[in-house]
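Heads up, the thing below is written out as structure tokens.
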Amino acid sequence: MNLPLPAHLLARPAMGSVPRQPTEHRTVALTYGTYDLFHIGHVRLFERIRQRYDRLIVAVSTDQFNAIKGKQSVVPFEDRVAMVKACRYVDEVIAEEAWNQKPRDIRAFGVDALVMGSDWTDRFNEFKTLCDVVYLPRTEGVSTTELKADVLARVKALG
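Numbering (the UniProt record's numbering), first residue to last: 1 to 159.
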């Protein structure tokens, strides 16, 4: 039976890179989202974040919190967490359970930057006193909302 290797044994520095000293500050980014119908836009967001920061923590909205927001996911919370965890750019996944948890998360995880897609521009500026707030461009042509609408339209057309 082959057991998976722990992540620290799989991680290898890139050729020519200098290994980090344990005392060196590693930059930490945090992002939030539902990540329903996980798609290339999500992957590219995570990739762009990891190009700027050493560590990425992703907060995935629970089904209960989505209900408070008036949203219903197609994919259950546990499955969305598993998909996000499987992305190689993601270091840790936490649950997003309330609107007011962001400042607590920023402090608890020593976050250097709260990073969100540009569709959220200026909505999180209140956290600039705690960390950098960065809005990255969305991947053009990809939207969970549009994917859901397209699937529903196709189902109705078959119907």
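All C-beta atoms in this analysis are idealised placements derived from N, C-alpha and C, irrespective of residue type, glycine included.
Pick out whichever of the options has its Cα sitting closest to the Cα of residue i.
i, options, result
"Gly70", "Arg88, Arg80 and Thr34", "Thr34"
"Glu96", "Arg88, Asn66 and Val115", "Asn66"
"residue 163", "Phe109, Arg104 and Glu140", "With the chain covering 1 to 159 only, the question about residue 163 has no answer from this structure."
"Leu56", "Val84, Gly159 and Asn100", "Val84"
"His42", "Val115, Val111, Thr121 and Cys131", "Val115"
"Leu136", "Ile49, Gln101, Glu92 and Val90", "Ile49"
"Val58", "Thr121, Val75, Ser73 and Tyr89", "Tyr89"
Quick test of your reading: residue i and residue j, contact by CB under 8 Å. State the CB separation rounded to the nearest angstrom.
i, j, result
"Pro103", "Phe124", "Rounded, the Cβ-Cβ distance is 11 Å, inconsistent with contact."
Where residue i and residue j are concerned, what is the direct C-alpha to C-alpha distance, given to the nearest angstrom?
i, j, result
"Arg138", "Thr129", "25 Å"
"Thr62", "Ala157", "31 Å"
"Gln21", "Ile94", "Residue placement at Gln21 is flagged as unreliable, the pLDDT there being 47, under the threshold of 50; the coordinate-derived value follows with that caveat. Computed Cα separation, rounded: 27 Å."
"Gln51", "Arg154", "37 Å"
"Thr27", "Gly159", "51 Å"
"Thr31", "Val111", "10 Å"
"Asp54", "Ala29", "8 Å"
"Gln101", "Val133", "16 Å"
"Gln64", "Trp99", "12 Å"
"Ala82", "Trp120", "24 Å"
"His25", "Glu92", "17 Å"
"Ser73", "Asp105", "23 Å"
Measure the Cβ-Cβ separation of residue i and residue j and say whether it is below 8 Å.
i, j, result
"Val60", "Phe46", "no"
"Arg80", "Phe38", "yes"
"Ala113", "Cys87", "no"
"Val75", "Asp122", "no"
Return yes when the C-beta of residue i is under 7 Å from any heavy atom of the ligand GTP, and no when it is not.
i, result
"Ala108", "The ligand GTP is not part of this structure, which contains no ligands at all."
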